Amino acid sequence: MDHRIEKRIELKAPVSRVWRALTDHHEFGEWFRVKLDGPFVPGQVSRGHITYPGYEHVKWEAVVQKMDPERLFSFTWHPYAVDPKIDYSKETPTLVEFRLEKTVTGTLLLLTESGFDKIPSDRRIEAFRMNDGGWTEQMKNIESYVAKSS
Amino acid sequence: MAAKRRAHAPVFAALGDVTRLSLVAKLCAGQPRSISQLTEGSHLTRQAITKHLRVLERAEIVHSVRAGRESLFEFDPGPLEEIRNHLDSVSEQWDQALSRLKSFVEC
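Here the protein sequences come in this chain order: A and B.
If you count by numbering that gives the first Met the number 0, then the first sequence holds residues 0 to 149, one letter each, in order.
If you count by numbering that gives the first Met the number 0, then the second sequence holds residues 0 to 106, one letter each, in order.
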């Protein structure tokens, strides 16, 4: 099981432009499809609602963590918490980080979303990858990991 | 996506323990096993193993079936597959959002 999402995307726009698209709440709302009540402020809750067709009933709520100009923007939230019947507040929030790097052609944007679990050891998480070998294979990994650590 | 999603925290919590992971490892071979079989080769008591199995059972990672006077425990891949699917869907949502961001800043 891969418990971290990582994306890299090259944008043909200057870092300052990308930074504004990420951190200006109107601009963020445009591409993210969310209507936000107010600007992003580190340490404060950002509220609004999704404008993506079919998900208009969904509230947006995130806590802004860091705004390091033109380098790092991060917030914690409950990822795609779309089912009104589920109490997401009991789930561990995940951390979303946007990192910007200047390139020759524009900006490299690195997105990570982490913290999907509370399993303490990265190695255990690694052992839960279900991608290729199927369960039996994965469980052999866990078995040998467990054998080593007990 | 929405309808099938359930709380994941209990599943992760249930797996965050070496003994329980090793029980899952034994059970995921597919063969249902009794508490005695699962206690064998471990230095834990039957009671301790039973307690761990109940935690896994509450998270629906294993379930028990009666076989005569014994309970056999069986692995259920469902909850873990749901987590996988959930991560895939979050990942997919990001792909879409980032491609909208790209069009937004490049125009």
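Ideal placement from N, C-alpha and C gives every residue a C-beta, glycine not left out.
All values derive from a computational prediction rather than experimental measurement.
Using a 10 angstroms sphere on the CB of A:Lys11, the tally of other CB atoms stays under 16, which defines it as exposed. Secondary structure at A:Glu112: strand, using DSSP grouped into helix, strand and coil. Counted as a single uninterrupted DSSP element, the beta strand (DSSP E) harbouring A:Ile49 occupies residues 44-49.
At a cut-off of 8 Å between beta carbons, B:Arg65 makes no contact with chain A. Closest option to B:Leu14, judged by alpha-carbon separation, among B:Leu100, B:Leu55, B:Gly77, B:Ala66: B:Leu55. For B:Gln36, the three-state secondary structure derived from DSSP is helix. Looking at A:Gly37, A:Glu29, A:Phe72, the one whose alpha-carbon comes closest to that of A:Leu108 is A:Phe72. A Cβ of chain A is located within less than 8 Å of the beta carbon of B:Ala96. Taking all protein chains in view, the Cβ of B:Cys27 is crowded by 16 or more other Cβ atoms within 10 Å, so the residue is classified as buried. Annotation for A:Val17: the continuous alpha helix (DSSP H) segment containing it runs 14-22. For a Cβ distance threshold of 7 Å, residue set Trp30 of chain A lies close to B:Arg99, ordered along the chain. B:Glu105 carries a helical assignment under DSSP once its states are collapsed to helix, strand and coil. Against chain B, a Cβ distance below 7 Å from A:Val17 picks out Val104. Counting along the chain, the unbroken beta strand (DSSP E) around A:Ile8 starts and ends at 3-10. Interface annotation for the stretch 66-90 of chain B against chain A: Phe74, Pro76, Leu79, Glu80, Ile82, Arg83, His85, Leu86, Ser88, Val89, Ser90, criterion Cβ-Cβ distance under 9 Å. Spatial neighbours of B:His62 in its own chain (CB-CB distance under 8 Å, excluding positions within 5 residues in sequence) are listed in chain order as Glu56, Phe72, Glu73, Asp75. When Cβ-Cβ separations below 8 Å define contact, A:Leu10 makes contact with chain B. Against chain B, the beta carbon of A:Ile4 has neighbours under 9 Å at Leu86, Val89, Ser90, Trp93, listed in chain order.
Using a Cβ-Cβ cut-off of 8 Å, A:Glu112 is close to Val89, Trp93 of chain B, given in chain order. Going by beta carbons, A:Thr50 and A:Val62 fall outside the 8 Å limit. Within the stretch 32-91 of chain B, the complete alpha helix (DSSP H) segments at least 4 residues long are 34-38, 45-57, listed from N- to C-terminus. Residue range 17-26 is occupied by the alpha helix (DSSP H) that includes B:Ala24.
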